[in-house]
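Position 40, counted from 1, in the sequence shown is what the working numbering calls 82; the numbers after and before it change by one each time, with no gaps.
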Amino acid sequence: VQLQASGGGLVQAGGSLRLSCRASIRFFGLYEMGWYRQAPGKQRELVATISSGGSPNYIDSAKGRFTISRDNAKNTVALQMNNLKPEDEGVYYCNALNPSHEAIGYWGQGTQVTVSS
């Protein structure tokens, strides 16, 4: 499984970014997909997931600000991030999840999100 995330950049606090991820995986539509974030000096954390049926879940800090979506026809998953805060800063990755909720793909380089205060 290979995944390519894009769309990061530098934004002022309160701004928005839309991340996109393309997954090279058979039967993409059957997998739960997730967006992860790794801040400097911290472990990678799962920020948002979307089930094969399109049901989203978010960590508390992302609720109301982030929206995850998927396009099964294009093997892509997106993360719309609004009202960005400095604590949202980090490298964002996407991945496919197995039924045990573990990431199964190669992480790749991710996409950097920088939020200036």
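Ideal Cβ positions, reconstructed from N, Cα and C, are used throughout, including at glycine. The structure displayed is predicted, hence computed values, not measured ones.
- Linking Ile146 to Asn140 through their CA atoms gives a straight-line distance of about 7 Å.
- Asn99 and Thr91 have their alpha carbons spaced roughly 5 Å apart.
- Only exposed fits Asp113, as fewer than 16 other CB atoms lie within 10 angstroms of its CB.
- In this structure, DSSP gives Ser103 a helical state, which the three-state scheme calls helix.
- For the pair Lys116 and Ser97, the Cα-to-Cα distance works out to about 18 Å.
- Remark: C-beta atoms of Leu59 and Val53 approach each other more closely than 8 Å.
- Residue pairing from DSSP places Asn137 in a beta bridge opposite Gly76.
- Under the three-state reduction of DSSP output, Phe70 falls in the helix class.
- Pairing Ser93 with Leu72 gives a Cβ-Cβ distance that is not under 8 Å.
- Nearest in C-alpha terms to Ile67, of all of His143, Ala138, Glu144, Val155, is Ala138.
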